[in-house]
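Enquirer: Okay, here's the structure, questions in a sec.
Number of protein chains: 4
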Amino acid sequence: MTTFSEIAPRLEDQAIEVPSWAYGNSGTRFKVFGSPGTPRTVEEKVADAATVHRFTGLAPLVSLHIPWDLVDDFGALRRYAEDLGIGLGTINSNTFQDDDYKLGALTHTDPRIRQKAIDHHFACIDVMHETGSRDLKIWLAEGTNYPGQGDIRGRQDRLAESLRTIYERLGEEQRLVLEYKFFEPAFYHTDVPDWGTSYAHVAALGERALVCLDTGHHAPGTNIEFIVAQLLRLGKLGSFDFNSRFYADDDLIVGAADPYQLFRILFEVIRGGGYGPGSQVAFMLDQCHNIEAKIPGQIRSVLNVQEMTARALLVDAEALRSAQEAGDVLAANEIFMDAFYTDVRADLAAWRESRGLPARPVQAYLGSGYQQQIEADRAGGTQAGWN
Amino acid sequence: MTTFSEIAPRLEDQAIEVPSWAYGNSGTRFKVFGSPGTPRTVEEKVADAATVHRFTGLAPLVSLHIPWDLVDDFGALRRYAEDLGIGLGTINSNTFQDDDYKLGALTHTDPRIRQKAIDHHFACIDVMHETGSRDLKIWLAEGTNYPGQGDIRGRQDRLAESLRTIYERLGEEQRLVLEYKFFEPAFYHTDVPDWGTSYAHVAALGERALVCLDTGHHAPGTNIEFIVAQLLRLGKLGSFDFNSRFYADDDLIVGAADPYQLFRILFEVIRGGGYGPGSQVAFMLDQCHNIEAKIPGQIRSVLNVQEMTARALLVDAEALRSAQEAGDVLAANEIFMDAFYTDVRADLAAWRESRGLPARPVQAYLGSGYQQQIEADRAGGTQAGWN
Amino acid sequence: MTTFSEIAPRLEDQAIEVPSWAYGNSGTRFKVFGSPGTPRTVEEKVADAATVHRFTGLAPLVSLHIPWDLVDDFGALRRYAEDLGIGLGTINSNTFQDDDYKLGALTHTDPRIRQKAIDHHFACIDVMHETGSRDLKIWLAEGTNYPGQGDIRGRQDRLAESLRTIYERLGEEQRLVLEYKFFEPAFYHTDVPDWGTSYAHVAALGERALVCLDTGHHAPGTNIEFIVAQLLRLGKLGSFDFNSRFYADDDLIVGAADPYQLFRILFEVIRGGGYGPGSQVAFMLDQCHNIEAKIPGQIRSVLNVQEMTARALLVDAEALRSAQEAGDVLAANEIFMDAFYTDVRADLAAWRESRGLPARPVQAYLGSGYQQQIEADRAGGTQAGWN
Amino acid sequence: MTTFSEIAPRLEDQAIEVPSWAYGNSGTRFKVFGSPGTPRTVEEKVADAATVHRFTGLAPLVSLHIPWDLVDDFGALRRYAEDLGIGLGTINSNTFQDDDYKLGALTHTDPRIRQKAIDHHFACIDVMHETGSRDLKIWLAEGTNYPGQGDIRGRQDRLAESLRTIYERLGEEQRLVLEYKFFEPAFYHTDVPDWGTSYAHVAALGERALVCLDTGHHAPGTNIEFIVAQLLRLGKLGSFDFNSRFYADDDLIVGAADPYQLFRILFEVIRGGGYGPGSQVAFMLDQCHNIEAKIPGQIRSVLNVQEMTARALLVDAEALRSAQEAGDVLAANEIFMDAFYTDVRADLAAWRESRGLPARPVQAYLGSGYQQQIEADRAGGTQAGWN
């Protein structure tokens, strides 16, 4: 069996982007609950993200969402973040909150609205030049609610054309990552519902177009680690949106619903070359802390990713391959589960301490006074949310 | 084969409650789109509901939601509705939008919060006395998002006690109907997730406690008509919330996603004595017209229920029973589908005309000028929504 | 609205392949029930298939499964079929019933077993040369039951290599169609679980490699018509395996579970150029008549496809496009559903009679004496099944 | 945090029934693979079951299936088992493999067939008197494949009557446990598809009628631990059929697909009084070892149950309740997951050794020579399977 000390050096490679919107309020269509200390400004969101990194060493980047995180001077925001020890990461576009987009944006039948949505992406690319971001992430909330409402095929053709126009605007070092989602907010058909659709589009665009895999965006029962393995094989896995779910796109804390699934996903990431130097895969969170505390929720999330990465690294690859080749089903499975069942928490605590990080980041955060401070400071104003 | 003229008299028995909130704005957690002419007041919602009845003859009642539809004088509202030709129907309680209910209401560990939720239901019962409503419908948005967050078992016990207290407050002619829902807004466990749970509770309460079946509130693949048959057999089907879905609780127009399923449901309703004189089953809609026009959406919905009721009535029950008893699988299925495939629309149009109703209600509505009128009249103010 | 007489000429284009194995016994892992008259030989299966065509005019080809349908002289079988008025269609390979394939065939770690599976496909290609079949259909029953059991990524790489070897053996006029399936018989991962995987493989192989879409092989809630539209757009839809399902791969009669879904699928087929002259799409059935009569079951199936094709052809494409472009959600949906709700059965009966076919093929079959004849003739021997 | 030594005494309470059929061959509708050493007789199955107990101390009973395990002298079989250190447990009836039951057994329209199925259960009760079994387990494979095929409601009524007749035949100390299943082998409707239906029937029967919960028999996404909590609350959880699944009723090794779910289930069992002295809940396995070795598969299964029971016992109930009552979502979840993440394997190994059991039962079995012996001894004859 592989030991923790053997895998410890590889833990240095872990870097997870946290989303700015996780620090704002979120909820369901029924209710958005607020909480004390919630940021009112982009800067406050960045400060919270930097806090997660300070306590974990795992979250050196914060993703932004446009227009939610629009500021006048992104250069200043970048310097502000860097002063706090983090960078600005992926830029997320938004084409689902303008009245014009009620029936579509990049797929709309009206060329004026398509162009408006394309222009929004051009503006995002401009932001990327200022923030130094590599990735433009496109999640399309588009689709239809009723059969016949739209022309499924025609929408694909228009989508391809819109994506082509956006892709061609990218700088040499920039990438387009196209997210897919099974359903919601559209309830009959979604224009990019599955990895196959996202793959077909990015394959047509070119090398710097890749797929974004959100772990909550699949049909019930989907084997997500298979998709990870396949996309890595095809050279097209660009990024992850980590979260977890029991039902639909629940956006719960990653690893909270099925830690063994997270382990299996990370095993395939490592197996397929998606982890460590040379990997092109961005690891992001995309969660909604509807009822739980937000900053500790994010800390818990990045720790969960780290814990399962450590367990996945512990799999004895050679023994596993031998058992697989011998056709020993039970032995292969046991080797695999041995790594999952190994409790790495104490080793990770020691590893953190050796790097000047708190052994128990959640508890350290709770004892730090940061939460009390922001609750006191952030009185008044409008708490940030999805707008 | 049964003919339309044979079943026509039974169509008189059809009466569908429409929900006041269907006329207000609704949407997803991502965006609520408004639309011109949306009501600003309860009275305007009632007026729209009455319009649906005027064009269809199918919707003689409007359900209210408390506190969304709170008015100072429910007696006056009742008279207003009656003047427009409809009545006030089921009263829906709401224990999911107050900050106190973030982690539970009727199930909360804190007795103060439980009492607050119970008191809200007492207030609803007071409203019912004024509106003349028979049914108090309880949809519990309660549950937890994370394993361990709550004590599943303890929550059931508290729920039972809270429901008992509410039930005992009901008047002699009033009923409690308990809705169940698979998930959302809670994403790990829901306190009343399935018909079995609702049934266990209402069976413990007494005769005037019944189950409400929302057609969108089931796990993927669930055979809903089986549940209908079972609840009718157990004497515990109190009401329907009709809508349709492809994925989760999509709240689409009833019959839009799977008309054959609607047919099968209505067949079991009729088979089990849930339709017509003597039935205790209330037929309600519960839909969200997120992107389509609201009043025509409601008209389409009640017409869909009527069309599928007519088809279900057309099933040749005697021939079907013979084929079933003969074990002739294909013949039985063909007799069943024959009724479904029969196009009753022309017959229904004639039937409507014979009653002074428009042959084509949607088109009649669109040509009536009502929509243009409300768009002109309802300028200013705040459009109604889920608050 | 489009009329039946306008679309009638296009009904001539319909041709559906029926599977030889539908006439043999099938069942679940719990029990395979036999029935009187079940074929004992390939010739008897072909005779039953020809009977379906004789009564419907819709099923001019029968698909064969190797080795279930192995005969010494396929040229003779071909002549036998042609004498009965049908041809031999797609050849289906089988790499799931040999003990060697317990843990994989085209993906196996052992090169000897991979070569054995490849050789089986070479043998199928030899058969195709004799039968004049165009398509080699590969359904891979491969996968694993337990995490860790196999190397998901390595299996893909071996699969790609095996498929390449088979593809290169095809004749100029022959095609390889690769079926995908969500799960079963493997219960953790399947090597070709979704259309994306099948597409990625056939895109890598070349022009004569295409995807086979079995309508029962998807995750719950999957929008199948979207996949149809996408594959047609990508030029990669090779064939259909039609059947229907409520839960998993139930293999019920096509159109029996959700006729509206079948309508939507056929609409996208037509919309995307997959129907009629010039289309490369093969329409096949793949069903299990576990409890119902087999020949009438197949007759019912091809009729269901025809009925829904007629309805789909009836959609008023121009009116639909106008409503879609106007953003009129309800009108577009109504135009779409109007066609679905139109009862074409009487028109189709007349159309059939005008071609010398029975107006009511199921009833004609039942009255023909064929069933009684085969029940009398096919005494003794071993009824055909999945072996 | 609770320590292992605190919970160790409670591990003595664990007793799991293993199914005789797990030692025979099983598979899918596509193929049943055999394996060397598979039992040919009931005695050989019992011997294998006893071997599982000998290596684990966890499996003191073997469940029998009638007629698969019919013997002339059940008294002798009982003595044979007792000599090997185990007892005979639950008796499982079978009404799905006789041609008469093709369209139903306890629900059939034909009274002769219903009586035949009832008589079979009477015969099972006779067996129970000889074997000393407490429980008659009824899994009904009944249902329909096509809408209209059967009268859903009438079938329920006949089912209730049949169950009543069987229940009344039970001895004073005997129980009836009614299993439910979402689908398969029926693919449209199943007569006992969910816990609610099973509950409604057993509640009507009386005190000694209880529900059997098979962990693989639910719709996708179903929260099984909720059902456990609910049935314990209602006093109606009679037994478990443990196994695991990714998709449908996959019948994989319990804990293999989602160990965290198994932990949550066992937590609710303990929470609700279903574990330990005084509990009426029988813990059984019901698995199919289609491709893996059978005896080690069963050993792995009972160990998985034990490991997750230990982890569930480790939950710090007091701290959990405090966090729940404080509304601290993250703290409560962390307390819960702490127990799950605790690696109890070394402690359990020591605990086993202290009882004279092998520290590592799977490895001990593999080194024991038992497998080689049965492979040598069990040459010839017909391997046991599902018939």
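Protein chains in written order, with the working numbering: chain A, 1 to 387; chain B, 1001 to 1387; chain C, 2001 to 2387; chain D, 3001 to 3387. The beta-carbon is built from N, C-alpha and C at its ideal position, and this holds for glycine as well.
(1) Relative to chain A, which residues along the segment 1020-1031 of chain B have a C-beta separation below 7 Å, given in chain order?
(2) Count the other CB atoms within 10 Å of the CB of D1258 of chain B; is the residue buried (16 or more) or exposed (fewer)?
(3) Return the chain-ordered list of same chain residues with a C-beta closer than 8 Å to the C-beta of N3304 of chain D, the five sequence neighbours on each side being excluded.
(4) Considering only residues of the segment 235-278 of chain A, which uninterrupted beta strand (DSSP E) runs meet the minimum length of 3 residues and lie entirely inside it, listed in chain order?
(5) Would you please verify whether the beta carbon of Y80 of chain A is less than 8 Å from any beta carbon of chain B?
(6) List, in chain order, every chain D residue whose beta-carbon is nearer than 7 Å to that of L1348 of chain B.
(7) Taking Cβ positions only, does N2333 of chain C come closer than 8 Å to chain B?
(8) Could you work out which residues of chain D lie near D258 of chain A, taking near to mean beta carbons separated by less than 7 Å?
(9) Would you check if the distance between the CB atom of F1030 of chain B and the CB atom of P1358 of chain B is smaller than 8 Å?
(10) At a CB distance below 7 Å, what residues from the segment 1335-1364 of chain B approach chain C? Give them in sequence order.
(11) Is the shortest distance between the beta-carbon of F246 of chain A and the beta-carbons of chain D less than 8 Å?
(12) Quick one: Cα of D2343 of chain C to Cα of Q3156 of chain D, how far?
(13) Within 8 Å of any Cβ in chain A, is that where the Cβ of L2266 of chain C sits?
(14) Can you name the residues that DSSP bridges to G1143 of chain B?
(15) For my contact list, V2062 of chain C and I2091 of chain C are in at a C-beta cut-off of 8 Å; report their separation, rounded to the angstrom.
(16) In angstroms with no decimal places, state the Cα-to-Cα distance between R3321 of chain D and A3332 of chain D.
(17) Taking C-beta pairs closer than 7 Å, name the residues in chain D that R300 of chain A reaches, listed in chain order.
(18) Identify the residues that DSSP records as bridge partners of M3284 of chain D: which are they?
(19) Which partner residues does C2124 of chain C have in the DSSP bridge list?
(20) In terms of residue numbering, what span does the alpha helix (DSSP H) encompassing E3179 of chain D cover?
(21) Just to make sure I have the definition right: I need the residues of chain B whose C-beta is within less than 9 Å of the C-beta of E184 of chain A. Which are they?
(22) Along the alpha helix (DSSP H) that carries T3038 of chain D, what are the first and last residues, could you check?
(23) Output the boundary residues of the alpha helix (DSSP H) element that contains A376 of chain A.
(24) My output table needs one value for V2315 of chain C: the three-state DSSP class, helix, strand or coil.
(25) Find the residues of chain C that neighbour P1296 of chain B, judging by a C-beta separation of less than 8 Å, and give them in chain order.
(26) May I ask you to report which of helix, strand or coil DSSP gives S93 of chain A?
(27) Does the Cβ of H2129 of chain C have 16 or more other Cβ atoms within 10 Å, making it buried, or fewer, making it exposed?
(28) Measuring CB to CB, does V1302 of chain B end up less than 8 Å from V1269 of chain B?
(29) Are the CB atoms of G1037 of chain B and Q1287 of chain B within a distance shorter than 8 Å?
(30) Please return the same chain residues whose Cβ sits closer than 8 Å to the Cβ of I1291 of chain B, not counting the five positions on each side in sequence.
(31) Tell me, which residues are paired with H2217 of chain C by DSSP?
(32) If I follow the unbroken alpha helix (DSSP H) through V1062 of chain B, where does it start and stop?
(33) Can you give me the C-alpha to C-alpha distance between G1150 of chain B and L1140 of chain B, rounded to a whole angstrom?
(34) Can you tell which of A:P185, A:Y199 and A:A15 has its C-alpha closest to the C-alpha of G57 of chain A?
(35) Return the residues of the segment 3193-3220 of chain D that lie within a Cβ-Cβ distance of less than 7 Å from chain B, sorted by chain order.
(36) Thinking C-alpha only, which one of A:P361, A:D241 and A:V281 is nearest I299 of chain A?
Expert: Straight from the coordinates:
(1) G1027, T1028, R1029, F1030 and K1031
(2) buried
(3) I3253, V3254, G3255, A3256, P3259 and L3262
(4) 237-242
(5) no
(6) The contacting residues do not exist; L1348 of chain B stays about 23 Å from chain D at best.
(7) yes
(8) D3258 and Y3260
(9) no
(10) Y1341, T1342, D1343 and R1345
(11) yes
(12) 34 Å
(13) no
(14) B:T1190
(15) Not quite, the Cβ-Cβ distance comes to about 11 Å (not below 8 Å), so this is no contact.
(16) 8 Å
(17) L3330
(18) D:E3017 and D:D3241
(19) Bridge partners of C2124 of chain C: none, in fact.
(20) Careful: E3179 of chain D lies outside any alpha helix (DSSP H), inside the beta strand (DSSP E) at R3175 to E3179.
(21) T1028, R1029, F1030, Y1247, A1248 and D1250
(22) No alpha helix (DSSP H) contains T3038 of chain D, which DSSP labels as neither H nor E.
(23) Y370 to D377
(24) coil
(25) L2330
(26) coil
(27) exposed
(28) no
(29) no
(30) F1033
(31) In the DSSP output, where bridge partners are listed per residue, H2217 of chain C has none listed.
(32) Note, V1062 of chain B: premise wrong, no alpha helix (DSSP H); beta strand (DSSP E) at L1061 to H1065.
(33) 16 Å
(34) A:A15
(35) P3193, D3194, W3195, G3196, T3197, Y3199, A3200, A3219 and P3220
(36) A:P361
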